[in-house]
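1 is the number of the first residue of the sequence shown in full-length UniProt numbering; add one for each residue after it. Here a beta-carbon is modelled for each residue, glycine too, at the ideal position from N, C-alpha and C. Only one structure is covered here, and it is reproduced in the block below.
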Amino acid sequence: MPKKSKTINVPIEAVDEDIPELVDIESGLDGLELPPLIDDVDEEGETTGVLEEDDDVQMKELKPIKEVKRKRRREDRMDVDETETKKEKPTIEMRKVPVPPHRYGQLKENWVKIITPIVKQLGLQVRFNLKSRNVEIRCPENYDNKTNLQKATEFVKAFILGFTVDDSLALIRLDHLFLETFEINDVKPLKGDHLSRAIGRIAGKEGRTKFTIENVTKTRIVLADSKIHLLGSYQSIQVARNAICSLILGSPPNKVYGNLRTLSSRLAERL
C-alpha cells in the first residue's frame with residue numbers, strides 16, 4: 001500500500017518572513033550598489049575599460065619583481081664563479097719558527113749550512129722575515145710530501161734551541177728522532193742558589209756528567225738556564241730524562257751512573 005503524504009498547515013505570516021522583498025523599479029535604483037560595467041570585449045576575449053584604470057598600478061608592481069629576479073640570478077652566477085676560482089687556487093702550507101734575540105748571530109753565521117739541506121734534499125723554500133723575526137719554511141706549488149715540511153721545521157727549531165747544525169741534521173736524515181723540552185721546576189720547585197746548584201749537578205765538573213749521560217743514552221742535551229732540551233729516540237730520551245730527574249732530586253752522581261749502565265745494557269739487548 002502506498003504511503004499517504006502528510007500535509008502540514010503553515011501560517012502565511014511565517015512564509016512571508018522568508019521571502020525577500022521585491023524591488024520597485026519605478027522608484028529607481030539609486031539606493032542599490034551595482035558592479036562596474038564592462039565596456040568592450042576584444043577578439044581574444046579579454047576585457048577592456050575596467051583594466052585600463054589599473055594598468056599603471058599593475059606595471060609599477062611588476063617592475064620591481066623583475067629587477068629582484070635579475071639580481072638574484074647575477075648573485076648566483078657570482079657565487080658559482082667565486083667557488084670555481086677558490087677550488088682552482090692551490091693551498092700552500094707554511095711553518096714559522098720564531099728566533100730569540102740571543103740566537104741572531106749564530107743563525108747568521110750558519111745560515112748557509114741551514115738552508116742547504118732544506119732546499120737541496122727536501123726541496124722546500126726558506127727565508128728569514130726581518131719584520132717578524134721568524135724563519136719561514138713553505139712548500140712550493142704542487143708539492144705533495146708534507147712530512148718534509150715537518151722535518152725542516154724540527155731541524156730549524158733544534159738549531160734555535162741550542163743544538164749544533166750537525167746534531168740537528170739527524171732530524172732530517174733519521175725518522176725515529178724527537179725533541180723534548182722540560183724545566184727543572186717541573187721536577188722540583190727550586191729558587192735562587194738551589195736552582196743553580198741543581199743545574200751544576202746536571203752539568204757536572206767541566207760538563208762531564210752531561211757528556212756521560214749523552215754517551216750512555218746516545219742523546220744530545222742542551223742546558224738553557226732552567227730549561228733542558230733533549231734530542232734522540234723515544235727510549236733514549238726516556239732514560240736520559242730519568243737520570244736528569246734523579247740528579248735534580250738529589251741522588252749522588254755515582255748511583256746515577258750505575259743506573260744508566262744497567263738501563264743502557266737492557267736497551268742494547270732489546271735492540
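- Counting the other CB atoms within 10 Å of its CB gives Arg241 a total of 16 or more, which places it among the buried residues.
- Inclusion of Glu136 and Lys96 in the CB contact set at 9 Å is warranted, their separation being smaller than that value.
- Taking C-beta separations shorter than 6 Å and ignoring five residues to either side along the sequence, the partners of Asn148 in its chain run Leu122, following chain order.
- If you compare the alpha carbons of Lys120, Glu269, Asn142 and Val112 with that of Phe128, the shortest gap goes to Val112.
- If you ignore the 5 residues before and after Pro98, its C-beta comes within less than 6 Å of the C-beta of Asn134, all in its own chain and listed in chain order.
- As DSSP reads the structure, His194 sits in no beta bridge.
- As summarised for the stretch 163-240, the continuous alpha helix (DSSP H) elements at least 4 residues long and confined to that stretch are 165-173, 184-187, 193-203 and 208-217, given in chain order.
- Counting only the Cα atoms, Glu109 lies some 37 Å from Pro189.
- A distance below 6 Å between beta-carbons, with the five flanking residues on each side excluded, links Lys131 to no residue of its chain.
- Non-local beta-carbon contacts of Leu249 in its own chain, meaning distances under 8 Å to residues more than five positions away in sequence, involve Val187 and Lys188 in chain order.
- For Cys245, the closest alpha carbon among the candidates Phe182, Lys120, Gly258 and Thr219 is that of Phe182.
- Under the rule that a run must span 4 or more residues, the alpha helix (DSSP H) segments found entirely inside the stretch 135-165 read 147-161.
- Short of 8 Å from the beta carbon of Asp167, and not among the five residues preceding or following it, lie these beta carbons of its own chain, in chain order: Ala158, Arg220 and Leu231.
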